[in-house]
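Mapped onto our numbering, the consecutive letters of the sequence shown carry residue numbers 18 to 226. Virtual Cβ for every residue (Gly too), placed ideally from N, Cα, C. Bear in mind the structure is a predicted one, so any value in this text is a computation, not a measurement. Data first, discussion second: the structure below is written as C-alpha cells.
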Amino acid sequence: MSSTEKPISPLSSLIFASRWLQLPLYLGLILAQCVYVFLFGKELWHLLHKANSMGEQEIMLLVLGLIDVVMISNLLVMVIVGGYETFVSRLRLENHPDQPEWLSHVNASVLKVKLALSIIGISSIHLLKTFIGAGNLDGLPMCKTEAYYAAAADALAKYGPDAQLACATMTSNGVMWQTIIHAAFILSAIGIAYTDKLMAHTPSKALAH
Numbered sequence: 018m019s020s021t022e023k024p025i026s027p028l029s030s031l032i033f034a035s036r037w038l039q040l041p042l043y044l045g046l047i048l049a050q051c052v053y054v055f056l057f058g059k060e061l062w063h064l065l066h067k068a069n070s071m072g073e074q075e076i077m078l079l080v081l082g083l084i085d086v087v088m089i090s091n092l093l094v095m096v097i098v099g100g101y102e103t104f105v106s107r108l109r110l111e112n113h114p115d116q117p118e119w120l121s122h123v124n125a126s127v128l129k130v131k132l133a134l135s136i137i138g139i140s141s142i143h144l145l146k147t148f149i150g151a152g153n154l155d156g157l158p159m160c161k162t163e164a165y166y167a168a169a170a171d172a173l174a175k176y177g178p179d180a181q182l183a184c185a186t187m188t189s190n191g192v193m194w195q196t197i198i199h200a201a202f203i204l205s206a207i208g209i210a211y212t213d214k215l216m217a218h219t220p221s222k223a224l225a226h
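Okay, structure coming up:
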C-alpha cells in the first residue's frame, strides 16, 4: 500500500459491503424471469392449440400478450444485468462475445432512461390491446355485475346450457384514464431524459468558466 493512500475504515468497508444485500433481490428477479418464460410457453401453447377456433382479433390479442411478456422479460434483464453492474459489482464482460452493446456505457442515469422507455413500450402494448377490445364495448354488460348475470340468465333460458354471453372488462372512462396515464409516462420519460441532459452539460460549462 502506498504511503499516500489512507486505510479504509471498518465502518466505510461495512457500508460499502452492504451493496451485496441487493444480490438476493437480483436472484429473485431471475426467478421472476423463469415464471415469465413459463407464462410465455403457456400462452404460446394456448395460441397454437386454439388457433383454428379463434378469430383474427382474438389471435391478435394473444400475440400482443406474448409481445407484452417478451418486453417485460427484456425489462427484467435490463434491471438484473444493468442494476447489478451499476450498484453491486462489475460483471467484467469486456471480452465476452455476447456482451450487450448498452452495458459498456451503462450508469445510473442511462439505466433510468432505458427503464422509462421500456415502461412506455409495455404501456403501449397494453394500450393497443385496450383499443382493440374497446371496439366491442357498446351493448355489452360489465363482467360480474347484476346486468351481466341477468343477461346470462336470459341467454340460458333462451338458448340452453350451450349459451355463451360476452361481457366487457373495461369502460370508456377506463380507456380514457389508461390513455392519460400512458401520456403521463411519456412526459415523465421526456422529463427524465431532459434532466439527465442538463446534468451532463453542467460540469463542462462549469469547467469552461
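Around the Cβ of residue i, are there at least 16 other Cβ atoms within 10 angstroms (buried) or fewer (exposed)?
i	result
MET128	The identity of residue 128 in the sequence shown is Leu, whereas the question assumes Met. So LEU128 ends up on the buried side.
MET193	exposed
GLY58	exposed
LEU224	Here the model assigns LEU224 a pLDDT of 45, short of 50, so the residue's position is not dependable, and the following value carries that caveat. The residue in question, LEU224, is exposed, as its Cβ has fewer than 16 Cβ neighbours within 10 Å.
LYS222	Confidence at LYS222 is low in this model, with a pLDDT of 48, below 50, so its placement is unreliable and the value that follows should be read with caution. LYS222 is exposed by the Cβ-count criterion.
PHE202	buried
GLY82	buried
LEU79	buried
Would you say residue i and residue j are within 8 Å of each other, going by their C-beta atoms?
i	j	result
MET88	ILE149	no
VAL98	PRO117	yes
GLU102	VAL130	no
SER90	TYR53	yes
GLN74	THR147	no
HIS199	SER140	yes
VAL96	LEU65	no
ALA34	LEU93	no
State the CB to CB distance for the pair residue i and residue j, rounded to an integer number of angstroms; the pair is presumed to be in contact (CB under 8 Å).
i	j	result
SER205	ALA133	7 Å
GLU111	VAL86	Actually they do not touch by this definition, with Cβ atoms about 31 Å apart.
Point to revise | Contained alpha helix (DSSP H) runs [length at least 4] in the stretch 45-109, N- to C-terminal order | key: 73-94, 100-104
Check your understanding: Which ranges does the alpha helix (DSSP H) cover as unbroken runs of at least 4 residues, wholly within the stretch 182-217, from first to last along the chain?
Key -> none
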